[in-house]
Amino acid sequence: MLPPRDTSTRERRSLNGLWAFRLDPEGTGRQAGWWRSRLPQAREMPVPASYNDVVPDITVRDHVGDAWYQTMVRVPAGWSGQRIVLRFDAATHRAAVWVNDALVAEHEGGYTPFEADITALAAPGAEVRVTVVVNNELTWTSVPPGHVEETARGRRQHYFHDFFNYAGLHRSVWLCSTPATWIGGITVDTGLEGTTGTVGYAVRRGDGRDGCARVVLRDAEGIEVASADGAQGVLRVPDVHPWAPGDGYLYALEARLLDDGGQVADSYVLPVGVRTVEVRGTQFLINGEPFHFKGFGKHEDAPVRGKGHDDALMVHDFELMEWIGANSFRTAHYPYAEEVLEYADRHGVVVIDETAAVGMNLKLPAIAGHGPARTTYTSETIGPDTRRTHLRAVRELIERDRNHPSVVLWSIANEPESAVPAARDYFAPLFEEARRLDPTRPVGFANVMHDPARACLVSELADVVMINRYYGWYVHAGDLAAAETALEAELNDWADLHRKPVIVTEYGVDTLPGLHTVLDVPWSEEYQERFLAMYHRVFDRVDAVVGEHIWNFADFATRPETGRVDGNRKGLFTRDRRPKSAAFSVRRRWRNDV
Ligand code: BDP
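Each step along the sequence shown adds one to the number in my numbering, with nothing skipped, and position 325 is 325.
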């Protein structure tokens, strides 16, 4: 599904702004047909945003179930003869959409887009009513999983991941026009042969018929450097300017779809970065050069708007990453807004792109003492139906993001239980599918501390070892000497046993800004600094370590828990993006500024 863009044949209109909104705690709206007229008893709600923190009311914040959004939109009069599409960049976690009285779309998966062809319902010049019901329930078959408990005080949502279950219309909503004969998809795969770049491309007609296409590749100055006729082929670019970390050089591929008479029916312009990715031994190579990941696991999270995408915050986060010397980040723990990947493409920032499969480890809540012991992989818990949803999540992620040069590695899950044979059975088809859909990128998952190198049965399936480690926090808290020994031993174990590149995808400690200590006291700013310095010393002693992603870029919201002080405080920046002391020492390391 191509992102909406204005081109010579297409237009888009943003539906962002204030929508009518209403929670549906009794779940009566679907029966009552709330889409059929003006939404009863509605308040105003911004789109995009999570609704949870906009209203200072615990019943809004902790709502479980349906929430309704509605707006009116006038279809541009100039769109007559065009195909008209309504597109949601995300609706968390599932949604149904009506245009006037007709159901036009249903989608599950809170972090990937969906669209509906509404040409038959949206007469140019007319006003239409768009109603969306968004549901935030996490179940045993959703990704991420969870379960809803009916209690005497109402319904309670339980889930196994460590970030708040924000919901709503988190990203932009668009009304788009395309010609009646339209481009349904474009894929590119790039390569380098000496100083020549190759761009393999395929242009797909939206109606599935075979189409004729012409493609033109232009450099950043707009000068044509290659062209070809045919719906698929390979373009060659002599003296190519590769896309590289820190150098987000992009070409523009214009694809023109020709109608049966040979006239241009549709045109779409796709940014293309020419680069290669390869895992060789214990090295991770970008354009044949060893790459060392420096950066963060992040979250889409901020006060008031929750997970709502916001360009100001996005640019600020990238500027702070640049300030600190980060070259990469992981989209923990779900696919981020497409604007984020487009920015990373333009600025040469490297991305590990993750599905929303987080919390597939039912041992962990029991270990932490806040949940009963359960078996992770059974037909009643994480079973075949969950895997079907998970497969769809892998497909939607790769379909959406495969053209981004910034994305160099797929992460198909975060911290699933991985030391039981059922885990291997569960994950093998997911790795297979990711590789079938995209043979050009390595595939991995973030391994949990409880399932180390000798126990984990899933890492063997991965191209890269990605591990989240908390020696000095959840284990050996306050004892950095013991933590250092344990960390180094484990990293060497991974390196010796797996002989693959190792990226430490999480390491960090909760830290309260303003808490200062002389000794190694957890939660203090000094402890965060010394903890990170210790990890960095160890990384420098183990050759196979090719990446360091601190957990987390910024403090973020979680469900209330005694181990959390107004959320997870492992950020190097506070939730409002002020640096903690450790940010300055990390900056010295990452900018080589010792
Ligand atoms: C890891 C999870 C991450 C948590 C982190 C923590 O991958 O989502 O936020 O631990 O406990 O287990 O801070």
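Every residue gets a Cβ at the ideal spot worked out from N, C-alpha and C, and that includes glycine.
Bear in mind the structure is a predicted one, so any value in this text is a computation, not a measurement.
Closer than 8 Å: residue i CB and nearest ligand 1 heavy atom
| i | result |
| --- | --- |
| E339 | no |
| N568 | yes |
| W551 | yes |
| A332 | yes |
| N414 | yes |
| H476 | no |
| G194 | no |
| A446 | yes |
| H161 | yes |
| D57 | no |
| E506 | yes |
| P173 | Checking the displayed sequence, the identity of residue 173 turns out to be Val instead of Pro. Checking the Cβ of V173 against ligand 1 gives no. |
| V143 | no |
| D101 | no |
| Y470 | yes |
| V358 | yes |
| D24 | no |
| D353 | no |
| D510 | yes |
6 Å Cβ shell around residue i - same chain, five flanking residues per side excluded
| i | result |
| --- | --- |
| T92 | G110, A167 and H170 |
| L285 | E278 |
| V104 | V97, A116 and I118 |
| W34 | W68 |
| G478 | D520 and P522 |
| F573 | A554 and P579 |
| M534 | L480 and E484 |
| A20 | L39, A42 and Q70 |
| R94 | E108 and N135 |
| G383 | none |
| S328 | F293, G295 and V350 |
| E106 | A96 |
| E338 | P3 |
| W473 | V509 |
One or two residues paired with residue i in a DSSP bridge
| i | result |
| --- | --- |
| Q232 | A202 |
| N568 | F556 |
| W523 | T511 |
| E224 | R218 |
| V99 | A102 and V130 |
| D247 | A244 |
| I84 | S177 |
| T517 | Beta-bridge pairing links T517 to no other residue. |
| H158 | H147 |
| M72 | R129 |
| G185 | R204 |
| Y471 | V475 |
Cβ-based neighbour list, residue i, same chain, cut-off 8 Å, excluding 5 preceding and 5 following
| i | result |
| --- | --- |
| G101 | The amino acid at residue 101 is misidentified as Gly; the sequence shows Asp. These residues qualify, in order along the chain: W35 and R36. |
| R575 | D301, A302, P303, A554, D555, F556, A557 and G567 |
| I367 | H450 |
| P421 | L457 |
| V448 | N361, L364, E415, P416, E417, S418 and N468 |
Nonlocal neighbours in the same chain, by C-beta distance under 7 Å from residue i, ignoring five residues either side
| i | result |
| --- | --- |
| A434 | V394, I398, W410, I412 and V443 |
| R577 | H316, L320 and A554 |
Residue i Cβ short of 8 Å to ligand 2 heavy atom set
| i | result |
| --- | --- |
| S459 | For ligand 2, the structure offers nothing, since it holds only ligand 1. |
Alpha helix (DSSP H) runs contained entirely in the region 35-70, provided each spans 4 or more residues: 58-61
Stretch pair the region 467-476 + the region 496-505: three plus CB contacts closer than 8 Å: yes
Unbroken stretches of the alpha helix (DSSP H), 4 residues or longer, contained in the region 381-461: 384-401 and 421-437
At least 3 beta-carbon pairs within less than 8 Å: the region 339-349 vs the region 561-572: no
Inter-stretch contact at 8 Å, needing at least 3 Cβ pairs: the region 409-422 / the region 349-369: yes
Contact between the region 241-261 and the region 216-229 (3+ Cβ pairs under 8 Å): yes
Meets three-Cβ-pair contact criterion under 8 Å: the region 197-211 and the region 132-146: no
Uninterrupted beta strand (DSSP E) stretches inside the region 283-345 (no shorter than 3 residues): 283-286, 293-297 and 328-330
Any 3 or more C-beta pairs closer than 8 Å across the region 21-33 and the region 177-194: no
Segment contact, 8 Å Cβ cut-off, at least three pairs: the region 122-136 with the region 65-80: yes
Three-pair Cβ contact test at 8 Å for the region 360-374 versus the region 229-236: no
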